[in-house]
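Engineer: Chains as they are written, first to last, in the working numbering: chain A, 1 to 222; chain B, 223 to 444; chain C, 445 to 666; chain D, 667 to 888. C-beta atoms are modelled at their ideal positions from N, C-alpha and C, and glycine is treated no differently.
Protein chains: 4
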Amino acid sequence: MQRQARRAQVLRHAKRIFARKGYHRTNVADIISRAGIARGTFYLYFENKRDLFEELLQQVVSELTVRVLRLKVGPGEPDPVEQLRANLVRVVSYLLAERELTDILLHHSTGFDRELDDQIQTFYDRVAALIQRSLDLGVQMKLVRDADTRIMSYAILGGIKEVIAMVSPSGEASVDAVVEEILNFGLTGVARPELLASPGLGHAHNGENGGRAGSFFGPKLD
Amino acid sequence: MQRQARRAQVLRHAKRIFARKGYHRTNVADIISRAGIARGTFYLYFENKRDLFEELLQQVVSELTVRVLRLKVGPGEPDPVEQLRANLVRVVSYLLAERELTDILLHHSTGFDRELDDQIQTFYDRVAALIQRSLDLGVQMKLVRDADTRIMSYAILGGIKEVIAMVSPSGEASVDAVVEEILNFGLTGVARPELLASPGLGHAHNGENGGRAGSFFGPKLD
Amino acid sequence: MQRQARRAQVLRHAKRIFARKGYHRTNVADIISRAGIARGTFYLYFENKRDLFEELLQQVVSELTVRVLRLKVGPGEPDPVEQLRANLVRVVSYLLAERELTDILLHHSTGFDRELDDQIQTFYDRVAALIQRSLDLGVQMKLVRDADTRIMSYAILGGIKEVIAMVSPSGEASVDAVVEEILNFGLTGVARPELLASPGLGHAHNGENGGRAGSFFGPKLD
Amino acid sequence: MQRQARRAQVLRHAKRIFARKGYHRTNVADIISRAGIARGTFYLYFENKRDLFEELLQQVVSELTVRVLRLKVGPGEPDPVEQLRANLVRVVSYLLAERELTDILLHHSTGFDRELDDQIQTFYDRVAALIQRSLDLGVQMKLVRDADTRIMSYAILGGIKEVIAMVSPSGEASVDAVVEEILNFGLTGVARPELLASPGLGHAHNGENGGRAGSFFGPKLD
DNA sequence: GATGAATGAGTCTTCATTCAT
DNA sequence: GATGAATGAAGACTCATTCAT
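Next comes the structure, spelled out in structure tokens:
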């Protein structure tokens with residue numbers, strides 16, 4: 001287990017450097033000097049640089065995969081939104097806690113390899129598929145409007161990624177606050193709810209802002 | 223002009239290769255062999271590989287910058303949503319028309335250089351700021367719910383990016399369809415509008431159709 | 445003759461640049477941009493860069509060769525020292541007038557080519573041989589001490605080169621002053637003549653500095 | 667020490683090649699193939715080609731610097747000429763022993779770099795200054811004729827350089843013989859001493875053996 | 001296991017020279 | 001003759017990986 005400890009130590013240092021400089025600007029010399037090991041030792045624990053990087057990437061990916069659960073419907077199951085919220089809390093808290101892995105995933109997980117690129121893309125596709133499934137469920141339950149849930153799911157995924165990317169670097173951010181914003185946004189968009197509660201987009205009630213909403217969420221073109 | 227034509231030719235080929243393989247896996251040999259020019263010729267038109275890449279990147283960035291207009295409010299100005307839609311149409315149609323540049327921007331614009339990275343980040347921040355400004359405007363006009371518009375703006379930006387990234391490679395997407403999905407999603411989220419104007423979720427006022435979404439868009443925990 | 449004028453123009457500009465930067469740091473682009481001609485035009489007048497450089501070098505070399513005359517002895521011939529002085533005046537005045545060529549010869553005429561190197565070396569050897577011949581003549585006439593005239597000749601040559609190199613860059617220097625210093629030095633070295641006018645080196649007369657000269661120009665070891 | 671041995675090995679081979687071909691015609695491939703090392707190994711020990719060359723150059727320069735001592739005057743100090751001789755013996759024996767470095771210094775130490783060029787020039791200027799100081803001392807002691815000691819010092823320096831350059835390649839020169847020739851030449855020039863103490867040439871005092879050299883070391887023209 | 005010296009394939013970049021217009 | 005775009009050989013340097021100790 002000494003072996004595992006060493007590996008972990010190197011991974012820890014490499015993680016930090018990869019997060020900061022990305023894969024290509026990080027060289028093995030950086031890693032070993034930070035980790036305080038010899039060049040040869042590095043290759044005792046990792047097949048090569050790419051292998052180490054891949055391991056870090058798979059670490060995030062699998063941690064995240066574990067944290068995203070399929071929504072369950074049925075008697076006795078928690079409210080779907082609660083399930084969403086719980087998913088988000090698990091994901092976001094991990095991402096914010098593991099800022100370096102997050103940075104690697106969001107900023108440096110692209111462009112070495114068809115293989116790694118695909119791996120990441122597959123992960124995102126899986127997440128998007130889960131989101132889409134939830135949406136489809138919502139549509140079935142008439143809770144979600146009947147739109148292109150595939151596009152929706154990627155929009156939500158992208159929103160989450162970008163918010164996390166934005167929030168991540170700047171020190172401490174409240175997981176809950178971020179989750180609520182994402183959740184609200186994903187569910188309701190930006191519009192004030194009372195302006196929307198009429199059939200169709202843009203047929204807003206006349207609210208207190210005297211009819212101008214009509215011109216804001218105006219009629220769709222299509 | 224002969225000169226400009228040559229440059230354009232090289233840019234065209236390089237664009238394709240960079241889009242496919244990214245910056246690091248693309249070498250000058252790839253570019254020149256595709257472009258059918260000699261090694262020296264390349265350096266006649268570009269200072270170096272990075273310079274060429276930067277030019278492509280700045281091309282997208284500046285084209286997009288031009289296409290995103292600040293919303294204007296006031297008598298005689300078009301409906302804000304129309305302005306949003308117009309922005310989106312300009313942006314999305316460009317991105318879908320310039321698939322390769324889009325790929326470069328979305329997948330390969332990170333990790334060589336502090337400088338280039340910053341340039342891209344600055345661009346995105348500018349876009350997010352424009353979005354946020356529109357949202358703030360909406361809040362003032364009581365059309366947008368009063369939430370963290372900064373986070374919202376990044377969520378929207380991220381949504382757009384991810385949808386474009388998903389839709390771009392297939393090449394079969396209609397600009398209008400994509401724009402409408404994004405717009406609807408951004409404005410109203412996923413929920414059926416008539417379910418929203420209820421207590422519990424987010425900052426919603428107490429609307430008239432209380433409680434129907436109770437089980438799905440249920441009360442926040444915090 | 446238009447052709448010769450063009451050539452001369454290019455040579456003039458190239459001369460200045462070569463003098464300043466040497467052969468290797470000077471590139472064809474430097475020369476043509478200074479000379480205001482196109483790249484191709486350069487090769488209309490010169491076979492290549494080396495050819496141009498060689499021409500400049502041969503220009504100095506042949507000018508100098510012409511200026512160094514064999515000493516003539518015999519009734520009616522001028523005093524040998526006058527002949528030396530005249531040689532020096534011709535050489536030095538040329539070198540100081542043609543500072544750029546001088547710089548090229550003294551600082552940048554080495555290290556491209558066995559051939560050019562040899563050419564320069566041959567030139568210097570020829571000059572040294574002429575000097576040696578003068579010295580041998582002097583020895584015959586019992587005016588020059590009987591030493592290794594070959595070494596002497598190179599010492600004189602080196603002295604001249606170094607003095608010219610030192611004097612050359614700093615603007616105007618009097619040809620006559622330089623010539624006299626060289627001549628005096630070459631003929632008499634540094635010692636005060638009256639301390640030497642005794643047989644053998646180092647058997648100085650007791651001068652006004654009370655005998656310490658004896659210890660200064662002390663007895664030779666060999 | 668293993669490291670130093672390797673460095674020394676590379677330096678040794680590089681020295682030989684640089685001496686033979688100069689800086690520009692020598693490429694890294696030459697050096698490594700001679701040294702029997704791989705390309706990468708070269709850069710393990712030297713930052714780049716210039717760095718290696720600079721090191722060789724500084725090696726000669728500093729060895730020589732150490733070997734040239736300021737003349738000391740005062741009771742108990744050795745005879746000044748002995749000190750000169752000792753300096754020369756140290757310098758010349760080093761230069762003849764290190765033929766390759768000598769070649770590099772004398773033939774290939776010019777024209778890559780303002781910086782290196784300056785370094786060499788500074789070295790020569792320092793040596794010339796030391797020589798000048800000795801001469802000034804001699805003037806004070808009335809042992810050296812009162813002439814432009816600055817020019818004299820460069821003349822002496824140049825003489826030494828040229829003699830060494832001439833003598834070095836053959837490899838058959840005796841240090842002592844060369845030193846004596848240089849010393850005699852520097853001190854007494856070429857003239858037979860007994861002919862010098864006459865009016866007419868240079869700054870000679872009127873000595874007792876007036877006029878015998880009249881026809882050879884005749885009156886100056888100016 | 002650990003070390004770090006050695007490796008060499010891979011890339012970029014320069015620049016003298018050519019040649020079609 | 002003049003031009004300047006194009007050429008490509010030559011060379012420097014990097015860095016992930018190997019291997020003898």
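When the cut-off is 8 Å and only beta carbons count, does D:E828 lie next to chain C?
Structural biologist: In the fourth sequence, counting from the first residue as 1, residue 828 of chain D sits at position 162. Output row for D:E828: interface = yes.
Engineer: Just the C-alpha distance for A:I32 and B:A387, rounded to the nearest angstrom, thanks.
Structural biologist: Against the first sequence, residue 32 of chain A aligns to sequence position 32. Against the second sequence, residue 387 of chain B aligns to sequence position 165. Near 36 Å, if we compare the C-alpha coordinates of B:A387 and A:I32.
Engineer: With distances taken between CB atoms, is the gap from D:I797 to D:L823 smaller than 8 Å?
Structural biologist: Here the question's residue 797 of chain D lines up with position 131 in the fourth sequence. Here the question's residue 823 of chain D lines up with position 157 in the fourth sequence. Contact: yes.
Engineer: Within 8 Å (strictly less), CB to CB, does D:L809 reach chain C?
Structural biologist: Working through the fourth sequence from its first residue, we reach residue 809 of chain D at position 143. Chain C contact via Cβ: present.
Engineer: Using C-beta distances below 8 Å, list every residue in its chain close to A:G76, excluding the 5 sequence neighbours before and after it, in chain order.
Structural biologist: Mapped onto the first sequence, residue 76 of chain A falls at position 76. Nothing listed; no residue qualifies.
Engineer: Can you list the residues of chain C that D:D784 reaches, using a CB-CB cut of under 9 Å?
Structural biologist: Within the fourth sequence, numbered from 1, the residue matching residue 784 of chain D stands at position 118. Simply none; closest approach about 12 Å.
Engineer: Do D:V726 and D:L762 have their C-beta atoms within less than 8 Å of each other?
Structural biologist: Within the fourth sequence, the letter at position 60 stands for residue 726 of chain D. Within the fourth sequence, the letter at position 96 stands for residue 762 of chain D. For D:V726 and D:L762, no; Cβs fall outside 8 Å.
Engineer: Give the single residue among B:T410, B:V397, B:F275 whose Cα lies nearest to the Cα of B:D335.
Structural biologist: Here residue 335 of chain B refers to the residue found at position 113 of the second sequence. For B:D335, the nearest C-alpha among the options comes from B:F275.
Engineer: Measure the beta-carbon distance from C:K459 to C:L508 and round it to whole angstroms, keeping in mind my assumption that it falls under 8 Å.
Structural biologist: The residue given as residue 459 of chain C occupies position 15 in the third sequence. The residue given as residue 508 of chain C occupies position 64 in the third sequence. The pair is not a contact, with the Cβ atoms about 15 Å apart (cut-off 8 Å).
Engineer: Give the C-beta separation of B:G244 and B:R321 to the nearest angstrom, bearing in mind that I take them to be a contact with Cβ-Cβ under 8 Å.
Structural biologist: Against the second sequence, residue 244 of chain B aligns to sequence position 22. Against the second sequence, residue 321 of chain B aligns to sequence position 99. That pair is no contact at about 15 Å.
Engineer: Classify C:D547: buried if its beta carbon has 16 or more other beta carbons within 10 angstroms, exposed otherwise.
Structural biologist: For the purposes of this step, residue 547 of chain C is identified with residue 103 of the third sequence, where counting begins at 1. Counting Cβ neighbours within 10 Å, C:D547 comes out buried, since at least 16 surround it.
Engineer: What runs of the alpha helix (DSSP H), each 4 residues or longer, lie entirely inside the stretch 340-403 of chain B?
Structural biologist: If we require 4 residues or more, the alpha helix (DSSP H) runs fully inside the stretch 340-403 of chain B come out as 371-392.
Engineer: Give the residues from the stretch 485-500 of chain C that approach chain D closer than 7 Å (Cβ to any Cβ), ordered along the chain.
Structural biologist: So the list is empty, because no residue satisfies the distance condition.
Engineer: Check the DSSP bridge columns for D:A857 and list the partner residues they point to.
Structural biologist: Residue mapping note: residue 857 of chain D aligns to position 191 of the fourth sequence, counting from 1. D:A857 is bridged to C:V588.
Engineer: C:G555 versus chain D: which residues are under 9 Å apart at the beta carbon?
Structural biologist: In the third sequence, counting from the first residue as 1, residue 555 of chain C sits at position 111. Neighbours of C:G555 on chain D, chain order: K687, G688, Y689, H690, R691, H773, H774, T776, G777.
Engineer: Counting only C-beta atoms, is C:L645 closer than 8 Å to chain D at any point?
Structural biologist: By 1-based counting over the third sequence, the position of residue 645 of chain C is 201. Caution applies to C:L645, whose pLDDT of 39 falls short of 50 and renders its modelled position unreliable; the model cannot decide the point.
Engineer: Tell me whether B:S331 sits in a helix, a strand or coil according to DSSP, three-state version.
Structural biologist: Within the second sequence, residue 331 of chain B is the residue found at index 109, counting from 1. Residue state, collapsed to three classes: coil.
Engineer: Smallest Cα separation from D:A685: which of D:V844, D:F851, D:S834?
Structural biologist: Numbered from its first residue, the fourth sequence carries residue 685 of chain D at position 19. Nearest option by C-alpha distance: D:S834.
Engineer: Report, in whole angstroms, the separation of the C-beta atoms of B:M374 and A:F185, which I expect to be a contact under 8 Å.
Structural biologist: The residue labelled residue 374 of chain B in the question sits at position 152 within the second sequence. The residue labelled residue 185 of chain A in the question sits at position 185 within the first sequence. Right, their Cβ atoms sit about 6 Å apart.
Engineer: Please state the DSSP three-state secondary structure of C:V516.
Structural biologist: Position 72 of the third sequence, counting from 1, holds the residue named residue 516 of chain C. For clarity, residue 516 of chain C is Lys in the given sequence; the question names Val instead. C:K516 falls in the coil class under three-state DSSP.
Engineer: Taking just the CA atoms, how far does B:F345 sit from B:D447?
Structural biologist: There is no way to answer for residue 447 of chain B, as the model of chain B reaches only from 223 to 444.
Engineer: Indicate the three-state DSSP secondary structure (helix, strand or coil) for B:G258 in the structure shown.
Structural biologist: Residue numbering aside, residue 258 of chain B sits at position 36 when the second sequence is read from its first letter. If DSSP states are grouped into helix, strand and coil, B:G258 belongs with coil.
Engineer: Residues of chain D with CB closer than 8 Å to the CB of C:F567, please, in chain order.
Structural biologist: Indexing the third sequence from 1 puts residue 567 of chain C at position 123. Correct list: empty, because the minimum Cβ distance to chain D is about 13 Å.
Engineer: Alpha carbon to alpha carbon, how far is A:N224 from A:S109?
Structural biologist: Not covered by the structure: residue 224 of chain A. The range shown for chain A is 1 to 222.
Engineer: For B:V412, decide whether its Cβ has a neighbour in chain A, counting only Cβ atoms nearer than 8 Å.
Structural biologist: Numbered from its first residue, the second sequence carries residue 412 of chain B at position 190. Judged by the 8 Å Cβ criterion, B:V412 is in contact with chain A.
Engineer: With a threshold of 8 Å, are at least 3 pairs of Cβ atoms found where one atom belongs to the stretch 33-49 of chain A and the other to the stretch 1-14 of chain A?
Structural biologist: Yes: the two stretches touch, three or more of their Cβ pairs being nearer than 8 Å.
Engineer: So, at 6 Å on beta carbons, what are the nonlocal neighbours of A:V92 in its own chain, with the 5 sequence-adjacent residues on each side left out?
Structural biologist: Position 92 of the first sequence, counted from the first residue, corresponds to residue 92 of chain A. Closer than 6 Å at Cβ, skipping near neighbours: V175, V178, V179.
Engineer: Please tell me whether C:S578 and C:L528 are closer than 8 Å, where the distance is taken between their beta carbons.
Structural biologist: Sequence index remark: in the third sequence, residue 578 of chain C carries index 134 (1-based). Sequence index remark: in the third sequence, residue 528 of chain C carries index 84 (1-based). Result yes, Cβ atoms of C:S578 and C:L528 sit closer than 8 Å.
Engineer: Let's see if you can read the secondary structure: which residues bound the alpha helix (DSSP H) around D:N753?
Structural biologist: Indexing the fourth sequence from 1 puts residue 753 of chain D at position 87. 746-763 is the extent of the alpha helix (DSSP H) around D:N753.
Engineer: Counting only C-beta atoms, is D:I683 closer than 8 Å to chain C at any point?
Structural biologist: Position 17 of the fourth sequence, counted from the start, is the residue given in the question as residue 683 of chain D. Not closer than 8 Å to any Cβ of chain C, the Cβ of D:I683 fails to qualify, so no.
Engineer: Assign A:V66 to one of two classes, buried (16 or more other C-beta atoms within 10 Å of its C-beta) or exposed (fewer than that).
Structural biologist: In the first sequence, counting from the first residue as 1, residue 66 of chain A sits at position 66. Label assigned to A:V66: exposed.
Engineer: 8 Å is my cut-off, CB to CB: does C:D592 come that close to chain D?
Structural biologist: Against the third sequence, residue 592 of chain C aligns to sequence position 148. C:D592 counts as touching chain D.
Engineer: From B:Y316 to B:A395, what distance separates their C-alpha atoms?
Structural biologist: Position 94 of the second sequence, counted from the first residue, corresponds to residue 316 of chain B. Position 173 of the second sequence, counted from the first residue, corresponds to residue 395 of chain B. Their backbone Cα atoms lie some 13 Å apart in a straight line.
Engineer: List the residues of chain D that C:A452 touches, going by C-beta distances under 7 Å, in chain order.
Structural biologist: As a position in the third sequence, residue 452 of chain C is number 8, starting the count at 1. Per Cβ cutoff of 7 Å: no residues; C:A452 is ~25 Å from chain D at best.
Engineer: At a CB-CB cut-off below 7 Å, which residues of chain D make contact with C:I626?
Structural biologist: Counting from one through the third sequence, the residue named residue 626 of chain C turns up at place 182. Here the neighbours are A821.
Engineer: Going by Cα to Cα distance, which pick from B:Q224, B:H329, B:G258, B:P300 is closest to B:H246?
Structural biologist: For the purposes of this step, residue 246 of chain B is taken as residue 24 along the second sequence, with counting starting at 1. Among B:Q224, B:H329, B:G258, B:P300, the Cα nearest to that of B:H246 is on B:H329.
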